[in-house]
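A.B. asks: Structure below; questions to follow.
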Amino acid sequence: MTDRTSGIFTEYMIQNHVQTTHARRSLFFLIVAVFVGLILVTGCTTPAGQSKTAGFSSPVEKVEVYHFHPTNGCRSCTTVGDYAEETVKEYFPNELRNGKLIFDHINFQDEKNADLVQQYGVTGSSLMIGVYNKTSFTRENNRKVWYMTGNKTQYMNYLKGVIDQRLAGDLS
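Basically the working numbering = 1-based index in the sequence shown + 221.
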């Protein structure tokens, strides 16, 4: 090959590579755009006037928030319970008064609490949330609160959001 032919061939290869790369990028962005469009369209499928509830077809009758602790708990155990109590008292006074929301500190090592410990499946310090409707009981161990004990405002805002969801029947 002469230098001129070699130069033309090299230029052709570079141009072909650029076109191929551009086509691949365009195809990638087209696929991403279609995927995002499908998510947006299918994500809005709840008809107007209906609420999204995960797991319940009937309204919530009661939500229980229990701070399970040992006889001699550590500082974090105490903080989890104190912040939870403050959250429910500050944000849910009406629900506490009318019995829709229950809060209590429960010593899981005390034999008098054995039935509740068994019902919730408690094995150690925990913040448990129980949701009752007409036909079922669902329990959850909320572990996220343990990572928020260093920021009271974050903890309380998070727990308020979770309790609001559970009172609305949303178990997600």
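Just so you know, even glycine gets a beta-carbon here, dropped at the ideal spot from N, CA and C.
(1) Less than 8 Å between the C-beta atoms of Val402 and Val309, yes or no?
(2) Measuring straight from C-alpha to C-alpha, what distance separates Thr374 and Ala305?
(3) Taking the alpha carbon of Glu307 as the point to measure from, which residue in Leu392, Ala389, Lys381 has its own alpha carbon closest?
(4) Can you pull the DSSP bridge partners for Phe329?
(5) Based on the DSSP output, what are the partners of Ser347 in its beta bridges?
(6) Hey, out of Met369, Met349, Arg364, whose CA is closest to Val284's CA?
(7) Which of helix, strand or coil does DSSP assign to Arg318?
(8) For Tyr341, count neighbouring Cβ atoms within 10 angstroms of its own Cβ and tell me buried if that reaches 16, exposed if not.
(9) In its own chain, which residues sit with a C-beta less than 7 Å from the C-beta of Tyr312, not counting the 5 before and 5 after it?
(10) Among Leu392, Ala335, Asn354, whose alpha-carbon lies nearest the alpha-carbon of Glu361?
(11) Tell me whether Asn372 sits in a helix, a strand or coil according to DSSP, three-state version.
(12) Could you tell me which of Met369, Thr370, Gly351 sits nearest to Gln386, measuring between CA atoms?
(13) Locate the beta strand (DSSP E) running through Arg360, then write down its first and last residues.
(14) Run the CB neighbour count on Val257, radius 10 Å, all protein chains shown included, and call it buried at 16 or more, exposed below.
(15) Please classify Lys283: does DSSP put it in a helix, a strand, or coil?
C.D. replies: The structure says:
(1) The structure shown does not extend to residue 402, since the chain is modelled only from 222 through 393, so no value can be given for it.
(2) The residue labelled residue 374 in the question sits at position 153 within the sequence shown. The residue labelled residue 305 in the question sits at position 84 within the sequence shown. Approximately 11 Å between the Cα atoms of the pair.
(3) Translated into positions along the sequence shown, residue 307 becomes position 86. It is Lys381 whose Cα lies nearest to the Cα of Glu307.
(4) Within the sequence shown, numbered from 1, the residue matching residue 329 stands at position 108. Per the DSSP secondary-structure output, Phe329 pairs with nothing in a beta bridge.
(5) In the sequence shown, the residue the question calls residue 347 occupies position 126. Paired residue(s): Phe289.
(6) Locating residue 284 in the sequence shown gives position 63, counting from the first residue. Of the listed residues, the one whose Cα sits closest to Val284 is Met349.
(7) Position 97 of the sequence shown, counting from 1, holds the residue named residue 318. Reduced to three states, the DSSP call for Arg318 is helix.
(8) As a first step, residue 341 is located in the sequence shown; it is residue number 120 there, counting from the start. Buried, since its Cβ has 16 or more Cβ neighbours within 10 Å.
(9) Counting from 1 along the sequence shown, the entry for residue 312 is found at position 91. Here the set comprises Lys381.
(10) In the sequence shown, residue 361 corresponds to position 140, counting from 1. Ranking the options by Cα distance to Glu361, first place goes to Leu392.
(11) Residue 372 sits at position 151 when you count from the first residue of the sequence shown. The three-state secondary structure of Asn372, taken from DSSP, is coil.
(12) Position 165 of the sequence shown, counted from the start, is the residue given in the question as residue 386. Closest by alpha carbon: Gly351.
(13) Indexing the sequence shown from 1 puts residue 360 at position 139. Taken as a continuous stretch (DSSP letters only), the beta strand (DSSP E) holding Arg360 covers 358–362.
(14) Here residue 257 refers to the residue found at position 36 when the sequence shown is read from its first residue. Here the model assigns Val257 a pLDDT of 47, short of 50, so the residue's position is not dependable and the matter cannot be decided.
(15) Your numbering for residue 283 matches position 62 in the sequence shown. Three-state DSSP puts Lys283 in a strand.
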